[in-house]
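Residue numbers (the working numbering), protein chains in the order written: chain A, 36 to 318; chain B, 1068 to 1427; chain C, 4 to 273. Note that the Cβ used here is the ideal one computed from N, Cα and C, for glycine as well. The model shown is predicted, which means the values in this text are computed figures rather than measured ones.
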Amino acid sequence: MKNKVLVLLLPSLLLMSISAFVPLMTVLNYSLHVLFSGSIPKYIGLENYVNALKDPAFLSSMGKQFLFCLEILLIEIPMGLALALLLPKRGIMIGPILVLLGIPLLIPWNVVGIIWRVFAREDIGALPVIFSKLGFFYNVSKVPAHAWWTIVIMDVWHWTPLVTLLCYAGLQAIPQEFYQAARVDSASKIATFRYITLPKLKYVLIIAVLLRCMDAFKIYDEPFILTAGGPGTSTELLSIFTSRQVIGGFNMGYSSAVSLIYFIVVLLLCYILYTVMTKIGEH
Amino acid sequence: MAVIELKNIVHTYRKGKKETEALRGVNLTFTEGCPAALLGPSGCGKTTLLNILSGLLKPTSGQVLFDGKDVTDLSTEERNIGMLFQFPVVYDSMNVFNNLAFPLRNRKVGPAEVKERVREVARLLDLAEVLGSFPRQLTPSQKQLLALGRGIVREDTAVILLDEPMTQIDVHQRWELRRELSKVQGSLNITMIYVTHDQYEALTFAEKVVIMKDGLVVQEGSPEELYGNPKTPFVGYFIGTPGMNILDCRLAKTGLDFKGFKKEITPELRAKIETYGPDFKLGIRPEFVHCGLVQQKGWFPLKVKVVEDRGEFKIVTLTSDAEELKSQVPSDLAAEEGGTVWVNFLEDKMKIYKDDRMIN
Amino acid sequence: MRKKKSPVSIIVLMIFFILLLVPIYWMINTSFKTNTEIQRSMTWVPQKFTTKNYTSIFISKLWQRSFLQTLEYVVLNVAIVLIAAVPAAYTFSRWKFKGHQHLFFWLLTNRMAPGAAFLVPMFTLFSVIGLFDTILAVALAHCLFNLPLAIWILEGFMRGIPRAIDETAFIDGYGFMKFFGKIFLPLIKQGIAVTAFFCFMFSWVELLLSRTLTAVGTKPITVSLTRSLGAGGWDWGLIAAAGVLTMIPGAVVVYFVRNYMVKGFAMGRV
């Protein structure tokens, strides 16, 4: 039996070694050295890590990343859930609606960036025009706050459908009998939501929060194309910071350390979220 | 507690162009405090009827009356019912106390009264010890009792409707749960209508059993009535394990001719049935089919096809090659598969049917 | 009793869908304009409708190759992932072998890995193996995040199939392969469809790894889109047209898979 297990797992283990394990070990190795391309690596232990944790640019970028994650979670989860509640449970409209919801999810991420760049730029975009008609000044490449919030809205636009789809599936899985019982018990709409819908959606919501958190923390293409981290470094999220180190930087050791810290933070974050959310459901 | 009446209930399901007649004219009355069962094979309309009673479905035509008041147009919450489903429907995020309190709190009942009622109901249902626990710590039986509790915690509940509540209960625990249900029903004198396809459940729980088939009520009455006096072959066959034997027969000069054997009948019986024509169906329960190894006057021979040992007795499947029937015999009868036995029917236990109606 | 949808909810839904579609519409709009019009004026419908952007893409060997190659590595990736994930998920769902929880968790962590962290090592690794700048390289690299996801989703679906079915099949004399092919796989086909959908989606849209691992021989469509620098700056019309075209395979996939998705979403964990 053990042999069978091994045989069945072998393809996956092999693939993951190539795509994950070996690269990870390499990064780990690099991070403990000073490494310039073409030169001989010099072992310096954890010095790269210490420097990274003292680097103001790195810390500022990390702070922005956390803020970003928090903001999109606070918007996307309730909005996605609300939409799922509004969607019809049966009927012919479901097919087209699901397709419509799927479209933003299937646009290549950098195309999402392009769409919003075209939409928001001051010379070719519709958004500045809309804002000025409403009496507001809007400039995504000059005003940091505008750039920041455009990125947030872009992410909401991009990913809320995922939350909606997940919640919709979760809602479908709730047996009707629970709602019937709630009616028999004279429960108000709010009470029904609080005591039946929400508890039964717990699992789906956990998946939604984890998935969004994981992906939001790594986000790269869309903000890069929209603002490339600017104006200045006001929208330089972690992945943009890291890839700048890796691609443009010369010290591969330092950038590897940065990458690993990044990875560990994501892991910790997801672990904490997962634990907290599973505990919440048990009141 | 209320008197529940159903008048001329007809219900047709429409899906696109397809129409299914689920109920074809049902008239029933359930008296106050009566434990009742709706029994029948799947598709007979019992669940539809239950949904009409609960208010989840509005009948295509007909009326539902609670204590003489027409509730046909009232919604579920306005009808004051309690309901148990095939799986325990409880609020997992609330403890047992809050589950029971929920219906009362939704109606703005004061905390002191809530506490009192909940305690009382919990005591009645043997849930007093677990008031602080959460549903996931309870057994399925306890959860169903909890669901029942939510139904009876309100004092003005008209009726409790149960839709095959044993479906998810372990076979070993069904007897206990049924006993609890009967106990609650008796002590509160509350009307309970129990839908099931399991005759054992229906016959042990209810005082009034309604047998349904194809959208109509076939027979209603006490379990004894249904067992002893089935008005149609279907009822006879449906009730009892094994059910009544239904045999085709024809009235001849010497008696009744069955497929492959004959039986003599008394002149009194002949007089009762001969005006109805020569072809009949005869119903006789296995325990009234007697078998013996020795030929006696008036008995007829049949071959033994299968012998099932049920412990206290045996069920023997007899065949004449053209017809089969079952007989219940004492376990010490030495009948062997392939052998021949002598058979007789107890005449006063024979039920003669013509066109699905009993005529004797 | 069917509850009628309140008019408020219908309005809210309509507003949401309109907002969803506006930026997409803007891009489609832009794709049918000339570059001069794009730069000069703000119109909701092209003043001078042109299909020049599209034609220059269609006749461009570069773009054609990009599309095809991207499709190739995505499909290859989905195939590789499914072939590896199905047996692996089966293992996790049926047997609790030693260390299975840790392995599962490690798999999931790879899904969380920031691509930026893996750029350099992957670059080095694939160069060393000699697979740099090939379709296979991207297909393999994408396993980093797709394989764990696939195993995660499939395991959920497989858990829903009772062990009794496996046991009955073995008692009936089915060999393992036959059981898998004839009995098990058909039961989880919705799960496979959902998994294939997500793997397709994540691989099709990925930029960072596919850019790092390719140069001249292989050009993922995502990369080509970022490279359209004309003499006067970014060729917005062209980019918009290319963007529209890259959305099409996705829409097609969703359309075909939609029935499975509704059922699959409802049945298993997504």
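- Pro-1309 of chain B is positioned such that its CB atom lies closer than 8 Å to that of Ile-1382 of chain B.
- Taken through DSSP and simplified to helix, strand or coil, Trp-184 of chain A comes out as helix.
- Rounded to whole angstroms, the separation of the alpha carbons of Trp-1242 of chain B and Pro-1207 of chain B is 13 Å.
- In the three-state DSSP reduction, Val-1383 of chain B falls in the strand class (E or B).
- From the listed residues A:Leu-197, A:Leu-48, A:Leu-102, A:Arg-152, the smallest Cα separation to Leu-240 of chain A is found for A:Leu-197.
- Here DSSP, grouped into helix, strand and coil, assigns Arg-1203 of chain B to helix.
- The residues Ser-1121, Gly-1122, Leu-1123, in chain order, have a CB closer than 7 Å to that of Thr-1143 of chain B in the same chain once the five nearest residues on each side in sequence are set aside.
- One thing to note: Leu-50 of chain A has its Cβ no nearer than 8 Å to the Cβ of Ala-254 of chain C.
- In this structure, Tyr-1261 of chain B keeps its C-beta atom at 8 Å or more from the C-beta atom of Ala-1069 of chain B.
- Neighbours of Gly-1177 of chain B across chain A, judged by C-beta separation under 9 Å, do not exist; the nearest C-beta is about 16 Å away.
- When C-alpha distances from Tyr-258 of chain C are compared across A:Thr-262, A:Arg-125, A:Gly-137, A:Leu-206, the shortest belongs to A:Gly-137.
- Shown here for Thr-1384 of chain B: same chain residues with a beta carbon closer than 7 Å to its own, the five before and five after excluded, namely Lys-1372, Val-1373, Glu-1391, Lys-1393 in chain order.
- In this chain, the alpha helix (DSSP H) harbouring Phe-173 of chain C covers 166-174.
- Among the residues facing chain A, Phe-1164 of chain B is not included, as its CB has no counterpart in that chain under 8 Å away.
- Taking CB atoms only, Asn-38 of chain A has no neighbour in chain C less than 8 Å away.
- Bridge partners of Thr-1079 of chain B according to DSSP: B:Glu-1088.
- With a cutoff of 8 Å on beta-carbon distance, Thr-1115 of chain B and His-1078 of chain B are scored as near each other.
- Given a length threshold of 4 residues, each whole run of the alpha helix (DSSP H) inside the segment 179-247 of chain C is given here in chain order: 192-208, 211-215, 224-229.
- Excluding sequence positions up to five before and after Phe-148 of chain C, its CB lies within less than 6 Å of the CB of Arg-114, all in the same chain and listed in chain order.
- Within the same chain, no Cβ atom closer than 7 Å to the Cβ of Glu-212 of chain A is found once the five residues on either side in sequence are excluded.
- Out of B:Gly-1344, B:Val-1410, B:Lys-1330, the CA that lies nearest to the CA of Gly-1359 of chain B is found in B:Val-1410.
- Excluding sequence positions up to five before and after Phe-205 of chain C, its CB lies within less than 8 Å of the CB of His-145, Phe-148, Asn-149, Leu-152, all in the same chain and listed in chain order.
- Its chain contains Phe-35 as the residues whose beta carbon lies nearer than 6 Å to that of Phe-52 of chain C, once the 5 sequence neighbours on both sides are disregarded; these appear in chain order.
- When secondary structure is reduced to three states using DSSP, Ser-1142 of chain B falls in the coil class, being assigned neither helix nor strand.
- Per DSSP, the continuous alpha helix (DSSP H) segment holding Asn-1165 of chain B begins and ends at 1163-1173.
- Taken in chain order, the complete alpha helix (DSSP H) segments of 4 residues or longer contained in the segment 219-293 of chain A are 224-227, 237-253, 256-262, 273-278.
- Classified as buried, Val-281 of chain A has 16 or more neighbouring CB atoms from the shown chains inside 10 Å of its CB.
- Counted as a single uninterrupted DSSP element, the alpha helix (DSSP H) harbouring Trp-151 of chain A occupies residues 144-155.
- Where Glu-1183 of chain B is concerned, the enclosing alpha helix (DSSP H) starts and stops at 1178-1191.
- Listed along chain A are Val-40, Leu-43, Leu-44, each with a C-beta nearer than 7 Å to that of Thr-94 of chain C.
- Interface annotation, Thr-1271 of chain B: not in contact with chain A, CB-CB separation never under 8 Å.
- As the crow flies, the alpha-carbon of Lys-124 of chain A is around 12 Å from that of Cys-202 of chain A.
- Residue contact check for Ala-182 of chain A against chain B: no CB pair falls below 8 Å.
- Annotation for Ile-1257 of chain B: Met-1068, Gly-1100, Ile-1219, Thr-1224, Val-1226, Ile-1227, Val-1251 place their beta carbon closer than 8 Å to its own, counting only its chain and skipping 5 residues before and after.
- If you look at Ser-54 of chain A, you'll find it isn't in any alpha helix (DSSP H); DSSP assigns it neither H nor E.
- DSSP, reduced to helix, strand and coil, places Leu-1073 of chain B within a strand of the structure shown.
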